[in-house]
Ligand code: NDP
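Numbering (our numbering), first residue to last: 23 to 451.
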């Protein structure tokens, strides 16, 4: 990729942005032909994706720039309706790029299917028999979805958990059987659901319990990815602040989000601004990722920051995020949504593990940008410019009027819709 062609991307017109992407060798000249068609979800496909479909709801797609992850350059498609998210991610990535970029580790990539059993006559016996029959259960699960085994994946292991009866919820004791499945490039919901339904009767039979369901767990604790970065203090310097001051304030802000759930939720929402935007742009299931990531943030029993920022021995700022990211590069809407196909191409057709690394790094970048702004000039300064633009558009400004109203609105005493409308009236009269 020829990164230099992407500089000042935000100042370019959409046509110039495509020219820059071609010059930077992110896309080819051919890709720009009938470009809009590459993103349009045809009505006939949409109608088969959901029920009672009546239209297509649009979300802006932008590009996160400057990302250097494991020594590879990426231009990252992000689908979001929220102003500032892409600018913040790209800005953070620019700083982190100067400090050798992001390094990632995909710890494992295994999805979990669960079968909770109640009325198990003897928990100890049931756990023993399940352990003895584990290979047979795995064979049965794989026989239910042989194509994933042919591809090199499939069910790999069984684990059991006992959950005691809980008087507060009047809940019985459960013996929960987990089956761990390597779903390769797929998120694997359908693969797993097929497998657990197939083994459920056998598990009931050998344990004497009764299964209340068989379903994938979105708490993907066996599908974790870590992204880290190391930033020397000279890159953290801001007007009015030394690099050391910014580093220490970032660490303090993170410590606060580690101990206070009220802050942690907002801190993690900022991280999800980036994560969700890439998950959506790649055609993955945003709800599955959101649910799993937030549960992981509460794994200690209290909801905490997903990131950790600390000081290295030499004084550098160290950033780290670990999140469960059971995303896929095939299956679901990925293979049928034209935009998902195109965004994969922009990313260089990454594998699921590579896509996990990209998404986690965007989350870390987003967090860096947000807390760096919060502990220095605050986030409103950057946000208000974009907020002014939204107000100008809401007031009815079109074409050149948008920039003109936005600029005047930024100087106005009250930045609100009424002022935007009044400025537009003056401009058009
Ligand atoms: P699919 O069943 O659509 O796709 C996975 C299939 O892709 C595999 O079964 C496999 O089929 C095929 N495939 C082709 N190449 C590969 C490869 N290299 N690695 C793996 N599979 C490959 O999707 P998923 O099972 O991934 O399920 C995801 C969808 O399920 C999402 O749309 C999600 O929203 C939805 N969902 C989510 C739930 C949840 O999160 N709780 C619950 C239910 C549904 P084959 O081998 O036969 O060719």
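Just so you know, even glycine gets a beta-carbon here, dropped at the ideal spot from N, CA and C.
Throw me the rounded Cβ distance for the residue i and residue j pair, which I believe falls under 8 angstroms.
| i | j | result |
| --- | --- | --- |
| residue 295 | residue 104 | 6 angstroms |
| residue 209 | residue 307 | 6 angstroms |
| residue 325 | residue 281 | The pair is not a contact, with the Cβ atoms about 11 angstroms apart (cut-off 8 angstroms). |
| residue 195 | residue 185 | 7 angstroms |
| residue 100 | residue 247 | Their Cβ separation, rounded to whole angstroms, is 18 angstroms, which puts residue 100 and residue 247 out of contact at 8 angstroms. |
| residue 391 | residue 165 | At roughly 49 angstroms, the Cβ-Cβ gap does not stay under 8 angstroms, so residue 391 and residue 165 are not in contact. |
| residue 121 | residue 252 | 6 angstroms |
| residue 272 | residue 393 | 5 angstroms |
| residue 154 | residue 202 | About 18 angstroms; that fails the 8 angstroms criterion. |
| residue 221 | residue 162 | 5 angstroms |
By alpha-carbon positions, which one of the options ends up nearest to residue i?
| i | options | result |
| --- | --- | --- |
| residue 36 | 84, 347, 320 | 84 |
| residue 134 | 323, 182, 439, 115 | 182 |
| residue 119 | 95, 142, 297 | 95 |
| residue 169 | 184, 190, 207, 149 | 207 |
| residue 223 | 235, 362, 413 | 235 |
| residue 338 | 302, 254, 86 | 254 |
| residue 419 | 273, 60, 54, 447 | 447 |
| residue 48 | 365, 217, 332 | 365 |
| residue 266 | 340, 154, 211, 417 | 340 |
| residue 290 | 149, 269, 314, 270 | 314 |
| residue 381 | 312, 297, 71 | 297 |
| residue 330 | 385, 378, 370, 284 | 385 |
| residue 312 | 323, 171, 292 | 292 |
| residue 40 | 29, 146, 54 | 54 |
| residue 132 | 259, 91, 69, 213 | 213 |
| residue 262 | 395, 56, 421, 106 | 395 |
| residue 368 | 50, 173, 58 | 50 |
| residue 283 | 302, 257, 320 | 320 |
| residue 376 | 237, 334, 242, 129 | 129 |
| residue 417 | 399, 433, 442 | 442 |
Report yes if the CB atom of residue i is closer than 8 angstroms to the CB atom of residue j, and no otherwise.
| i | j | result |
| --- | --- | --- |
| residue 346 | residue 318 | yes |
| residue 178 | residue 204 | yes |
| residue 86 | residue 76 | no |
| residue 216 | residue 158 | no |
| residue 275 | residue 142 | no |
| residue 437 | residue 445 | no |
| residue 285 | residue 278 | yes |
| residue 92 | residue 322 | no |
| residue 449 | residue 426 | yes |
| residue 218 | residue 160 | no |
| residue 439 | residue 106 | no |
Please list, in chain order, all residues of the same chain as residue i whose beta carbon is under 7 angstroms from its beta carbon, the five residues on each side excluded.
| i | result |
| --- | --- |
| residue 415 | 424 |
| residue 27 | 42, 45, 46 |
| residue 428 | 410, 411, 414 |
| residue 113 | 391 |
| residue 67 | 358 |
| residue 62 | 360 |
| residue 69 | 75 |
What are the partner residues of residue i, as DSSP defines its beta bridges?
| i | result |
| --- | --- |
| residue 260 | 263 |
| residue 325 | DSSP output for residue 325 lists no bridge partner at all. |
| residue 330 | 342 |
| residue 188 | 193 |
| residue 32 | For residue 32, which the question treats as bridged, DSSP gives no partner whatsoever. |
| residue 204 | 176 |
| residue 253 | 339 |
| residue 136 | 200, 237 |
| residue 94 | 91 |
Here's a check: name, in chain order, each residue in its chain whose Cβ is nearer than 6 angstroms to the Cβ of residue i, leaving out the five neighbours to either side.
| i | result |
| --- | --- |
| residue 115 | 88, 89, 387 |
| residue 310 | 240 |
| residue 305 | 355, 356, 359, 362 |
| residue 250 | 125, 342 |
| residue 127 | 248 |
Which residues in the same chain as residue i place their Cβ atom closer than 8 angstroms to its Cβ, once the five residues preceding and following it in sequence are excluded?
| i | result |
| --- | --- |
| residue 350 | 205, 207, 208, 209, 210, 306, 356, 374 |
| residue 139 | 148, 196, 197, 198, 199, 225, 226, 229, 231, 232, 233, 234 |
| residue 156 | 179, 180 |
| residue 259 | 265, 268 |
| residue 171 | 164 |
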